[in-house]
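This report refers to the structure that appears directly beneath it.
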Amino acid sequence: MQDQILEFLQANALTLKIIAVLIGTVFLAKIVQRFYRKLVERSVEEAHYTTYRFLGNSLSALIYVVGFSFAIWNIPFLKPIAQSLVAGAGILAIAVGFASQQSLGNIISGVFIVLSKPYKINDRITFSDGLMGIVEDIGLRHTVIRNFENQRIIIPNSIISNERLINSDFHESKVCRFIDVGISYNSDIDLAKRIIAEEIENHPLSIDNRTPEEVQAGEPKISVRVVMLADSSVNLRGYAWSAKPADGFRLNCDVLESVKKRFDREGIVIPFPQRTISYLQDDQNEEEQVLAS
Numbered sequence: 459m460q461d462q463i464l465e466f467l468q469a470n471a472l473t474l475k476i477i478a479v480l481i482g483t484v485f486l487a488k489i490v491q492r493f494y495r496k497l498v499e500r501s502v503e504e505a506h507y508t509t510y511r512f513l514g515n516s517l518s519a520l521i522y523v524v525g526f527s528f529a530i531w532n533i534p535f536l537k538p539i540a541q542s543l544v545a546g547a548g549i550l551a552i553a554v555g556f557a558s559q560q561s562l563g564n565i566i567s568g569v570f571i572v573l574s575k576p577y578k579i580n581d582r583i584t585f586s587d588g589l590m591g592i593v594e595d596i597g598l599r600h601t602v603i604r605n606f607e608n609q610r611i612i613i614p615n616s617i618i619s620n621e622r623l624i625n626s627d628f629h630e631s632k633v634c635r636f637i638d639v640g641i642s643y644n645s646d647i648d649l650a651k652r653i654i655a656e657e658i659e660n661h662p663l664s665i666d667n668r669t670p671e672e673v674q675a676g677e678p679k680i681s682v683r684v685v686m687l688a689d690s691s692v693n694l695r696g697y698a699w700s701a702k703p704a705d706g707f708r709l710n711c712d713v714l715e716s717v718k719k720r721f722d723r724e725g726i727v728i729p730f731p732q733r734t735i736s737y738l739q740d741d742q743n744e745e746e747q748v749l750a751s
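Add 458 to a position in the sequence shown, counting from 1, and you land on the number used in this note's numbering.
Next up, the structure:
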């Protein structure tokens, strides 16, 4: 039995070696990626997290390339081909360049994204078409965005690098939300403005965005202004500041609800569209009945 095992190993030594190299490459890449990620999460500052995460992805890709190349080099009937390719590396580079323009473009765009940092991991970004989410990962070829329904959106780096986007966490994370409310022309504007300002100021997520000079000059903490005299309403806007976009969304929702309840108690009317509908068929029937009589 032992002799048969030895004969099998000797007869299939090359095949087993190649399989071992491929399996070892996959396991090595997974292990290195896992330890590298834990090391980065423990010791790297958040400002540099994106760069190190990208380097980790590049390291894994390098391990795969080296391991698979070594496996191919050890296959006898592929070795002359590999030697010929190395000899004609210039022609190969041109051919590969034309064949993989898009992939290389994604990799190069990923490098520039990491270097220039228009966004980084955990940033909240919004695209020109309204798509928004949080950056979860920046890989060699694509960026992963997690939207607020916990779905992952995969965008090639070459596309996202040419996209117009809003980064809510670029340089600073505080945000101003507009609290827009319309009141009727018969309602008390001053009372409505005071209610909106009080509801914004009393919310726990509201922050004071005034400069020291504005505080010294006696500027109000919350500004509420008339922004439009519309067809059926006087439109008011309150400026609500919060420390970060997620807080701003909650602040906006809560204040709209509390303002509506205060308006109801204080007698402030929020107008809504009203239509008068006339039925022409009924009018024609009445005319016919009059003529008939």
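Idealized CB from N, CA, C, for every residue including glycine. This structure is a prediction, so every number in the text was calculated from the model and none was measured.
Exercise for the section: State buried or exposed for residue 597, treating a residue as buried only when at least 16 other CB atoms are found within 10 Å of its CB. Expected result: buried
Exercise for the section: Taking the CB atoms as reference points, tell me whether residue 632 and residue 682 lie closer together than 8 Å. Expected result: no
Practice task
Grab the span of the alpha helix (DSSP H) containing residue 714 for me, first residue to last.
Solution key: 703-724
Handout entry: Rounded Cβ spacing between residue 640 and residue 703 (contact assumed at less than 8 Å)
Key = Not confirmed; about 25 Å, so no contact.
Practice task
Measure the C-alpha to C-alpha separation of residue 685 and residue 590 and round it to an integer number of angstroms.
Solution key: 28 Å
Handout entry: Which of helix, strand or coil DSSP assigns to residue 598
Key = coil
Handout entry: Residue range of the alpha helix (DSSP H) that includes residue 580
Key = Note, residue 580: premise wrong, no alpha helix (DSSP H); not H, not E.
Problem - Exposure of residue 732, with buried meaning 16 or more beta-carbon neighbours within 10 Å - result: exposed
Handout entry: According to DSSP, residues forming a beta bridge with residue 635
Key = 698
Problem - DSSP state of residue 476 mapped onto helix, strand, coil - result: helix
Practice task
With a threshold of 16 other CB atoms inside 10 Å of the CB of residue 477, please say whether the residue is buried or exposed.
Solution key: exposed
Practice task
To the nearest angstrom, report how far apart residue 492 and residue 608 are at their CA atoms.
Solution key: 23 Å
Handout entry: Backbone CA spacing between residue 490 and residue 569 [nearest angstrom]
Key = 21 Å
Handout entry: Candidates 604, 595, 599, 517, of which the one nearest residue 584 by Cα
Key = 604
Handout entry: Inter-residue spacing [alpha-carbon to alpha-carbon] between residue 564 and residue 571
Key = 10 Å
Handout entry: Through-space distance from residue 691 to residue 653, alpha-carbon basis
Key = 17 Å
Practice task
Determine contact between the segment 618-629 and the segment 658-666, defined as no fewer than three beta-carbon pairs at a distance below 8 Å.
Solution key: no
Handout entry: Ordered list of alpha helix (DSSP H) runs contained in the segment 615-666, each at least 4 residues
Key = 615-618, 647-660
Problem - Buried or exposed (CB count within 10 angstroms, at least 16 for buried), residue 527 - result: exposed
Problem - Secondary structure of residue 588, DSSP reduced to three states - result: coil
Handout entry: Close beta carbons around residue 680, own chain, < 6 Å, minus the five adjacent residues each side
Key = 655, 658, 659
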